[in-house]
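Structure record follows, encoded as structure tokens.
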Amino acid sequence: MPRNRFELILRFWHFSDNLKAPVDDRIYKVRGLIERLVKNYQSVMEPGEYMAIDESMVPFRGRLKFRQYIPGKAHKYGVKLFKICEVNGYTHDVNVYAGKNQVNGKGLACRVVLELSNPFLNAGRTIVTDNFYTSLPLANELLDNNTHLIGTLRSNRIRLPEIFKTKLRPGEIIGRENINGIVVAKWHDKRDVSMMSTKHNINMVETGKKNRKNEPILKPQIILDYNAGKAGIDLSDQLSSYSSPVRKSIRWYHKVATEVLLGTSVVNALIVYNMNKPSDKKISITKFREMLVDELLELDQSQIAISDSPTTSTKRGRKTNHKFEESAERDNRNRKVRKRCLHCYSLKTTAVGSKKASVETKKVTTYCSTCNIYTCIECFNKNHI
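Residue numbers (the UniProt record's numbering): 1 to 385.
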């Protein structure tokens, strides 16, 4: 497809009818797309016991009423997404945060958790949250729906016991349990860590590691389960960031759609693929993206090799005079610039994957001046003559 045609199609890339947009729905432009994807997410996989809830950021610095600023995130400015994931990184639901005046009823944190976890309640599952969401009212609400809660806790939350004023030495732990079985604990590691759980006591267990004195390292079971359950959100964001297709755009809904459609959805597909793969060796997210592109284009291996060659005019029957030259390009230390042979790299990527190909492919200083790509003499004779 020519570049100009692609840019024209991208310009008119919409997911809803703007003429029917309600005045009070800020995310109408992507709501239909997200709801359809979430329906597919939940139909493919049944979640396990532990599910984590947290927010992710889609980078965006343009003018937008519900643009957020979170200094602790890699992308400080952007559109906030609330996600619920299980331990393996599979995302089961996504909500776009549209601003405070779009939130009614309960507090934002409590409402987000109950809304995202609603399809998975009354099944004995455990919801894992950080200190933004964890509170006593939320724990009681989840217990009423046969669901447990584990989370870090802010010591200034209302209706909490006085244990947070107690000074502890490294390794010490103190806790209280109410009549509903909700445990609030404070443990001193390198600093004070406050936790809440509806399914734990304050017992310490061995982690399987030892300190410098060869003594077993002990941690509260609540901490170990929290770390294990919370890993799913971080894993999902990490995989989504690799080879991310999100680029600069003046349209916020393009960025959100790209992140959900080509980020979260691809990560979910990779997780399902690796779970059902006959071989124990899992493939990387980058290799999986390449496989998806090949499948969508319905190319076989011979076509993939041909498509890597830039001599499109030759394929169409018009001969082009290609010139094999030595590059005059130099780096800031006045050394000749060496780059990978494009054809060798493409063939190796097909055979062993892009990561290994980037290491094994030879670098050259020669190129085809007609196609403006670096190539070795062997590949030039094979593909450009």
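C-beta: ideal position from N, C-alpha, C; glycine also.
Report task. Identify, in the order they occur along the chain, each residue of the same chain with its Cβ nearer than 7 Å to the Cβ of Ser244, setting aside the five sequence neighbours on each side. Result -> The answer, listed in chain order, is Gly263.
Can you tell me whether DSSP reads Val96 as helix, strand or coil? Residue state for Val96 is assigned as strand, using DSSP reduced to three classes.
task: Please name the residue or residues paired with Tyr50 in a DSSP beta bridge.
output: Partner(s): Thr126.
Nearest-angstrom Cα distance between Thr311 and Leu347?
The predicted position of Thr311 is uncertain, since its pLDDT is 44 and thus under 50; no value can be drawn from it.
> Helix, strand or coil for Leu121 per DSSP?
Replying inline: Correct three-state label for Leu121: coil.
So what's Arg176 in DSSP terms, helix, strand or just coil? In the displayed model, Arg176 falls within a strand according to three-state DSSP.
- If we call anything under 8 Å between Cβ atoms a contact, is Ile9 one with Met51? No, these two residues do not count as a Cβ contact at 8 Å.
**Q.** Delimiting residues of the beta strand (DSSP E) encompassing Ser194
**A.** Per DSSP, Ser194 belongs to the beta strand (DSSP E) from Asp192 to Ser197.
Where do the ends of the beta strand (DSSP E) carrying His148 lie?
-> Segment His148 to Thr152, the beta strand (DSSP E) holding His148.
Item to complete: Give me the Cα-Cα distance between Thr349 and Ile377, rounded to the nearest whole angstrom.
Response: When rounded, the distance between both Cα atoms is 20 Å.
Thinking C-alpha only, which one of Asp237, Val38 and Leu64 is nearest Arg26? The residue with the shortest Cα to Cα distance from Arg26 is Leu64.
DSSP beta-bridge partners for Ala185?
Beta-bridge analysis with DSSP links Ala185 to Gly175 and Met195.
| Met275, enclosing alpha helix (DSSP H) - first and last residue | Counting along the chain, the alpha helix (DSSP H) containing Met275 begins and ends at Ser265 to Asn276.
In three-state DSSP terms, what is Tyr374? Of the three classes helix, strand and coil, the one that applies to Tyr374 here is strand, per DSSP.
*Check each candidate in Lys219, Cys379 and Pro119 and name the one with the smallest Cα separation from Thr147.*
Ranking Lys219, Cys379 and Pro119 by CA distance to the CA of Thr147 puts Pro119 first.
Practice task
Could you have a look at Leu261 and say whether DSSP puts it in helix, strand or coil?
Solution key: Three-state DSSP puts Leu261 in a helix.
Fill in: Closest residue to Val87 among Asn178, Lys355, Val128 and Lys277 (Cα-Cα distance)
Put simply, of Asn178, Lys355, Val128 and Lys277 the residue whose alpha carbon is nearest the alpha carbon of Val87 is Val128.
- Could you check which residue in Arg159, Pro2, Lys29 and Arg5 has the C-alpha nearest to that of Lys255? Ranked by Cα distance from Lys255, the options Arg159, Pro2, Lys29 and Arg5 are led by Lys29.
inquiry  = Please identify the residue among Asn40, Pro59, Ile222 and Leu160 whose C-alpha is closest to the C-alpha of Tyr253.
reply    = Ranking Asn40, Pro59, Ile222 and Leu160 by CA distance to the CA of Tyr253 puts Pro59 first.
- request: Would you mind stating whether Thr134 and Gly107 have Cβ atoms separated by less than 8 Å?
  value: Pairing Thr134 with Gly107 gives a Cβ-Cβ distance that is not under 8 Å.
*Residues bridged to Cys379 [DSSP beta-bridge criterion]*: None; Cys379 has no bridge partner.
Shortest alpha-carbon distance to Val79 belongs to which of Met57, Lys356, Tyr90 and Ile283? Here the closest residue by C-alpha is Met57.
*Can you check whether the CB of Ile222 is closer than 8 Å to the CB of Ser197?*
Result yes, Cβ atoms of Ser197 and Ile222 sit closer than 8 Å.
Self-check item: Cys85: first and last residue of the uninterrupted alpha helix (DSSP H) it sits in
Solution: Counting along the chain, Cys85 falls outside any alpha helix (DSSP H), though it belongs to the beta strand (DSSP E) covering Tyr77 to Glu86.
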